[in-house]
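Below you'll find the structure, written out as structure tokens, and then a few comments.
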Ligand code: 13P
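Residue numbers (the numbering used here): 144 to 430.
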């Protein structure tokens, strides 16, 4: 398999106090830009398509097949995970696994705990048979992602322990004050709860959603408190949009797609490079 799973990367990252970046795909140019940065930094990387834009991107099979081909054609040697972000349903997670994803997130965070556990477990049982990793969420990440807005609901530590112990997930997304999209002022992450949960679940890597816009010193602290996977989408998209906006404003006669879109890709590459360095995953791919 071209792709590795979270199981191959996160325990090692957690043990050595660094995190692997998950960067969301918004077109196949994102795939290329993210991979170029990861390869250049010799860093393992997680490419993710959030379930809400899977259809816009052409469907699960097209994403898996095209991404695999890009990895091969670019001769990428660093470990790459292809992950379904915020899988809506059990069926959707199974379809992603069948299509060739090496990791899925089942997001049952809006369900009562019992149902979240039962459904997550069903995904885990299916995923295990295919050597695919599973992430699940407790609480609610705030903000807006792909047009859907949610409020923050802090994860309850006991619910986190029950979810992990009853399902055997590979990564826990415990919502602790982070938001998707831009923050209003300084993020208010619940570091006390984060430490408590991390002390209890020492062997379980955590996934941080809403990684854009969190100050560097807070990111370093989230890694110290068990986060081995940090999700970034908004900052790549903002850099892409701002660069292209400036280019077109300064060059009103410009219409060449390679010039316009190529500039956008370089902006994504720069953000990914900076995040990899901040997360400490540079040079963590086996040589
Ligand atoms: P941001 O868009 O805030 O970076 O969050 C990304 C994310 O958590 C994807 O699930």
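Heads up, the beta-carbon is just placed ideally off N, CA and C, and yes, glycines get one too.
Please read these numbers as outputs of a predicted model, since none were measured by experiment.
- The three-state reading of DSSP puts residue 345 in coil, since its state is none of H, G, I, E or B.
- At a cut-off of 7 Å, the beta-carbon of residue 193 counts as near the ligand 13P: some heavy atom of the ligand is closer than that.
- Taking the Cα positions, residue 162 is about 23 Å away from residue 270.
- Note on residue 237: 16 or more other CB atoms within 10 angstroms of its CB, so buried under the neighbour-count rule.
- A direct Cα-Cα distance of roughly 34 Å separates residue 157 from residue 385.
- Contact between residue 297 and residue 338 does not hold, since the beta-carbon distance rounds to 14 Å and is not under 8 Å.
- If you check the CB distance, residue 315 and residue 347 come in under 8 Å.
- When the beta-carbon positions are compared, residue 283 and residue 333 stay at least 8 Å from each other.
- Secondary structure of residue 405 (DSSP, three-state): helix.
- By the CB criterion at 8 Å, residue 252 and residue 280 fall inside the cutoff.
- Here the alpha carbon of residue 186 sits roughly 17 Å from the alpha carbon of residue 215.
- Using a Cβ distance threshold of 8 Å, residue 373 and residue 362 count as a contacting pair.
- The C-alpha of residue 222 lies about 6 Å from the C-alpha of residue 188.
- Secondary structure in the segment 239-299: the beta strand (DSSP E) runs of 3 residues or longer, each lying completely within the stretch, are 246-249, 276-281, 285-288, 291-293 in chain order.
- Between residue 354 and residue 375, the gap from beta carbon to beta carbon is short of 8 Å.
- Per DSSP, residue 166 is one residue of the beta strand (DSSP E) stretching across 163-167.
- In this chain, residue 228 is not harboured by any alpha helix (DSSP H); it is covered by the beta strand (DSSP E) spanning 223-230.
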